[in-house]
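Have a look at the structure below before the remarks.
There are 2 protein chains.
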Amino acid sequence: MNECSVAPRMGRQPLTTRAALSHVALRLFLERGFERTTVDDIASAAGIGRRTLFRYFPSKNDLPWGDFDAELVRMRSFLAATDTTVSLVDALAQAVVEFNRFPPEEAPFHRERMNLLLNVPALVAHSALRYAEWRLVVSNFAAGRLRVAVDAIEPTVIGWVFLGASLAAYEQWLRTDDSNLIELLESALLLLKEGFAPGELATGGPGGRA
Amino acid sequence: MNECSVAPRMGRQPLTTRAALSHVALRLFLERGFERTTVDDIASAAGIGRRTLFRYFPSKNDLPWGDFDAELVRMRSFLAATDTTVSLVDALAQAVVEFNRFPPEEAPFHRERMNLLLNVPALVAHSALRYAEWRLVVSNFAAGRLRVAVDAIEPTVIGWVFLGASLAAYEQWLRTDDSNLIELLESALLLLKEGFAPGELATGGPGGRA
DNA sequence: AGACTAGTGGCACTCAGTGCCGAAAGTACA
DNA sequence: TGTACTTTCGGCACTGAGTGCCACTAGTCT
């Protein structure tokens, strides 16, 4: 029988990796802009055929995302490992923060990636599909905690609300150079806990509460 | 001087309207599916050239939306006309409900349109751009009420949160045949007001509050 | 009639994405 | 060393969305 340990796999070895291609693409997108970079450009810059690139990534829009599925798996298992004494919102808030933690040397890359994802229209659109997967992770956890169906209205709203808070924090993060993403996330998530109770948001305009 | 009243405009009269094209496209999408309907199909079904269709709508993805910009203008002016004694969340909740009110005979069309927009991947993606415009209307109003910048974190989160509640209600509406969209919207919006305070959502799992 | 204006649509082009299929590069076993 | 098998690679041709260009059509104005 065959050994499936490190090198000795069956067929031909892959020429590159998803991560490598993602980096090459990201560099080109920053140099020339997303729309003015063709898939051919990326493929030849990476030294592979165009047809091969489409086996690593299903679309040009997926290139900036890298291996997002793996990140989702991480988040799902983090949530699964959360102690059940932690409240639902706290559990999700911790998971969101954990999901967006990365080594400081990665910051410039991550910043540029998110800059593209939140500003290039084609990517903003495509990201909706990724966000939907992310929301599903959140909704699934919430549904389990609330003991209701995943497609009930509460878990769905919770998914949206946490997504919105995360992206609001990201937009804020990108707007200023020296801001701390984690702190911004925490403050956005805090808004969710405090916001929609009888605080300032629920009061009327000038004189509404006076 | 020229008369700009009803018929006597300057050049050639348009052959059709955005609304008419949107209806033709919607019918074909339901018959054959979105992906299996080409722009040529729609153009010839509408009796115009393919090139002309792209002057009415910038992309195939925009066809189901019809004249969304006009709807946004409606929502913006509804918000502007809201009495300042009404609280921010109530004002937005009323506007959201008003935005989604339509004559009952339109229900089947609207249902099918939303079915496409929320289920066809290409449309789910593209809709993110439309939702962004919608959120901007909400955020702008919230920023004015809270006396902060539009790109501050609070108005952004509020935009997301109301979008999420609306779409959660829509998903629920589509799931069952005889449901009432307005009621679902109201219950989703109620979640926002009650949800993230020390209610059930903030408590721990089994035994967290007992 | 002639000038002007706005909508139409054919043509050719770019680019993303896909199906097909043979070639390349590796392993397993004789 | 050779043959079988397995997996990746990538060229080619095709579909379909979206765009620039330009001539044409159908109106109005003087």
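These protein sequence lines are chains B and C, in that order. Be aware that the first sequence starts at 0, since it is given in numbering that gives the first Met the number 0, and climbs by one per residue. Be aware that the second sequence starts at 0, since it is given in numbering that gives the first Met the number 0, and climbs by one per residue. Glycine included, every Cβ here is placed at the ideal spot set by N, Cα and C.
Output needed for residue 164 (chain C): all residues of its chain with C-beta closer than 7 Å, excluding positions within five of it in sequence on either side, in chain order.
On the second sequence, position 165 is the one that residue 164 (chain C) refers to. Within the same chain, residue 164 (chain C) has close Cβ partners 187, 188, 190 and 191.
Supposed close pair residue 81 (chain C), residue 93 (chain C) - CB separation, criterion 8 Å:
As a working mapping, residue 81 (chain C) is identified with position 82 in the second sequence. As a working mapping, residue 93 (chain C) is identified with position 94 in the second sequence. The pair is a contact, with the Cβ atoms about 7 Å apart (cut-off 8 Å).
Please name the residue, chosen from B:106, B:185, B:131 and B:63, that lies closest to residue 32 (chain B) on a Cα-to-Cα basis.
Taking the first residue of the first sequence as 1, we reach residue 32 (chain B) at position 33. The shortest C-alpha separation from residue 32 (chain B) is found at B:63.
If we call anything under 8 Å between Cβ atoms a contact, is residue 125 (chain C) one with residue 131 (chain B)?
Position 126 of the second sequence, counting from 1, holds the residue named residue 125 (chain C). Position 132 of the first sequence, counting from 1, holds the residue named residue 131 (chain B). Against a cut-off of 8 Å, the Cβ pair of residue 131 (chain B) and residue 125 (chain C) comes out as no contact.
List the residues of chain B whose Cβ lies closer than 9 Å to the Cβ of residue 48 (chain C), in chain order.
Within the second sequence, numbered from 1, the residue matching residue 48 (chain C) stands at position 49. Under the 9 Å cutoff, chain B gives no residues; its nearest Cβ is about 26 Å from residue 48 (chain C).
Between the beta-carbon of residue 159 (chain C) and the beta-carbon of residue 172 (chain B), is there less than 8 Å?
Numbered from its first residue, the second sequence carries residue 159 (chain C) at position 160. Numbered from its first residue, the first sequence carries residue 172 (chain B) at position 173. The beta carbons of residue 159 (chain C) and residue 172 (chain B) sit no closer together than 8 Å.
Collapsed DSSP secondary structure at residue 14 (chain B) in the structure displayed
As a first step, residue 14 (chain B) is located in the first sequence; it is residue number 15 there, counting from the start. Note: residue 14 (chain B) maps to coil in three-state DSSP.
State the start and end residues of the unbroken alpha helix (DSSP H) segment that holds residue 152 (chain C).
For the purposes of this step, residue 152 (chain C) is taken as the residue at position 153 of the second sequence. Run containing residue 152 (chain C): 152 to 174, per the alpha helix (DSSP H) assignment.
Whole angstroms are fine: how far does the CA of residue 19 (chain C) sit from the CA of residue 12 (chain C)?
For the purposes of this step, residue 12 (chain C) is identified with residue 13 of the second sequence, where counting begins at 1. For the purposes of this step, residue 19 (chain C) is identified with residue 20 of the second sequence, where counting begins at 1. The straight-line gap from Cα to Cα measures roughly 15 Å.
Is residue 155 (chain C) buried or exposed, if buried means 16 or more other CB atoms sit within 10 Å of its CB?
As a position in the second sequence, residue 155 (chain C) is number 156, starting the count at 1. Around the beta carbon of residue 155 (chain C), 16 or more other beta carbons sit within 10 angstroms, so the residue counts as buried.
For the region 38 to 111 of chain B, list the alpha helix (DSSP H) runs that are entirely contained and at least 4 residues long, ordered along the chain.
For the region 38 to 111 of chain B, whole alpha helix (DSSP H) runs of length 4 or above, ordered along the chain, are 38 to 45, 49 to 55, 67 to 79 and 87 to 98.
Beta-carbon separation of residue 140 (chain B) and residue 91 (chain B) under 8 Å?
Against the first sequence, residue 140 (chain B) aligns to sequence position 141. Against the first sequence, residue 91 (chain B) aligns to sequence position 92. Cβ distance < 8 Å, so residue 140 (chain B) and residue 91 (chain B) count as in contact.
Going along the chain, which residues of its own chain have a beta-carbon closer than 7 Å to the beta-carbon of residue 27 (chain C), five neighbours each way excluded?
Residue 27 (chain C) sits at position 28 when you count from the first residue of the second sequence. Within the same chain, residue 27 (chain C) has close Cβ partners 36, 40, 41 and 44.
Residue-level contact to chain C via CB, residue 133 (chain B), 8 Å cutoff
Counting from 1 along the first sequence, the entry for residue 133 (chain B) is found at position 134. Output row for residue 133 (chain B): interface = no.
Which residue marks the beginning of the alpha helix (DSSP H) containing residue 143 (chain B), and which one marks its end?
Working through the first sequence from its first residue, we reach residue 143 (chain B) at position 144. Here the alpha helix (DSSP H) through residue 143 (chain B) covers 120 to 145.
Would you say residue 29 (chain C) and residue 95 (chain C) are within 8 Å of each other, going by their C-beta atoms?
If you number the second sequence from 1, residue 29 (chain C) lands on position 30. If you number the second sequence from 1, residue 95 (chain C) lands on position 96. No, they are not a contact pair.
If we cut at 8 Å on Cβ distances, does residue 9 (chain B) have a partner in chain C?
Within the first sequence, the letter at position 10 stands for residue 9 (chain B). No - not a single Cβ of chain C is within 8 Å of the one on residue 9 (chain B).
Say whether chain B places a C-beta atom closer than 8 Å to the C-beta of residue 155 (chain C).
As a working mapping, residue 155 (chain C) is identified with position 156 in the second sequence. Interface residue, yes.
Residue burial classification, residue 137 (chain B) (beta-carbon count within 10 angstroms, cutoff 16)
Stepping through the first sequence from its first residue, residue 137 (chain B) is reached at position 138. It is buried - the Cβ of residue 137 (chain B) has at least 16 other Cβ atoms within 10 Å.
Report the neighbours of residue 170 (chain B) on chain C: residues whose CB is nearer than 9 Å to its CB, in chain order.
Locating residue 170 (chain B) in the first sequence gives position 171, counting from the first residue. The answer, in chain order, is 150, 152 and 155.
Considering only their Cβ atoms, is the gap separating residue 166 (chain C) from residue 120 (chain B) smaller than 8 Å?
Start at 1 with the first residue of the first sequence, and residue 120 (chain B) comes out as number 121. Start at 1 with the first residue of the second sequence, and residue 166 (chain C) comes out as number 167. For residue 120 (chain B) and residue 166 (chain C), no; Cβs fall outside 8 Å.
Nearest to residue 210 (chain C) by alpha carbon, out of C:10, C:180 and C:87?
Only positions 0 to 209 of chain C appear in this structure, which leaves residue 210 (chain C) out of reach.
Could one say the Cβ of residue 123 (chain C) lies closer than 8 Å to chain B's Cβ atoms, at least one of them?
To locate residue 123 (chain C), count along the second sequence from 1; it is residue 124. The beta carbon of residue 123 (chain C) falls within 8 Å of a beta carbon belonging to chain B, placing the residue at that interface.
To the nearest angstrom, how far is it from the Cα of residue 116 (chain B) to the Cα of residue 135 (chain C)?
In the first sequence, the residue the question calls residue 116 (chain B) occupies position 117. In the second sequence, the residue the question calls residue 135 (chain C) occupies position 136. Distance between the alpha carbons of residue 116 (chain B) and residue 135 (chain C) is about 18 Å.
Does the Cβ of residue 60 (chain C) have 16 or more other Cβ atoms within 10 Å, making it buried, or fewer, making it exposed?
By one-based count along the second sequence, residue 60 (chain C) stands at place 61. By the neighbour-count rule (16 or more Cβ atoms within 10 Å), residue 60 (chain C) is buried.
In three-state DSSP terms, what is residue 180 (chain C)?
Position 181 of the second sequence, counted from the start, is the residue given in the question as residue 180 (chain C). The three-state secondary structure of residue 180 (chain C), taken from DSSP, is helix.
Could you tell me which chain B residues have their CB closer than 7 Å to the CB of residue 167 (chain C), listed as they occur along the chain?
As a working mapping, residue 167 (chain C) is identified with position 168 in the second sequence. The answer, in chain order, is 152, 155, 156 and 159.
Any beta carbon of chain C sitting closer than 8 Å to that of residue 126 (chain B)?
Position 127 of the first sequence holds residue 126 (chain B). Chain C, which has a Cβ nearer than 8 Å to the Cβ of residue 126 (chain B), makes this yes.
Below-8 Å beta-carbon distance, residue 174 (chain B) vs any chain C residue:
Your numbering for residue 174 (chain B) matches position 175 in the first sequence. With 8 Å as the cut-off, residue 174 (chain B) counts as an interface residue toward chain C.
Buried or exposed, going by whether 16 or more other CB atoms sit within 10 Å of the CB of residue 217 (chain C)?
Any property of residue 217 (chain C) remains undetermined from this structure, which presents chain C solely from 0 to 209.
Cα-Cα separation between residue 101 (chain C) and residue 105 (chain B), rounded to whole angstroms:
Within the second sequence, numbered from 1, the residue matching residue 101 (chain C) stands at position 102. Within the first sequence, numbered from 1, the residue matching residue 105 (chain B) stands at position 106. Distance from the CA atom of residue 101 (chain C) to the CA atom of residue 105 (chain B), rounded to whole angstroms, is 49 Å.
So residue 80 (chain C) contacts chain B; which residues on that side make the cut at Cβ distance below 9 Å?
For the purposes of this step, residue 80 (chain C) is taken as residue 81 along the second sequence, with counting starting at 1. Neighbours of residue 80 (chain C) in chain B, taken as residues at a C-beta separation under 9 Å, are lacking, since the least C-beta distance is about 14 Å.
Note down, in chain order, every chain C residue with its Cβ under 9 Å from the Cβ of residue 92 (chain B).
Taking the first sequence and counting its residues from 1, the one referred to as residue 92 (chain B) is at position 93. The contact set of residue 92 (chain B) on chain C, defined by CB atoms closer than 9 Å, is empty, because the minimum CB distance reaches about 11 Å.
Under 8 Å between beta-carbons, which chain C residues line up against residue 116 (chain B)? List them in chain order, please.
Taking the first residue of the first sequence as position 1, residue 116 (chain B) is located at position 117. Under the 8 Å cutoff, chain C gives no residues; its nearest Cβ is about 11 Å from residue 116 (chain B).
List the residues of chain B that residue 162 (chain C) touches, going by C-beta distances under 9 Å, in chain order.
For the purposes of this step, residue 162 (chain C) is taken as the residue at position 163 of the second sequence. For the C-beta of residue 162 (chain C), the chain B residues within less than 9 Å are, from N- to C-terminus, 159 and 163.
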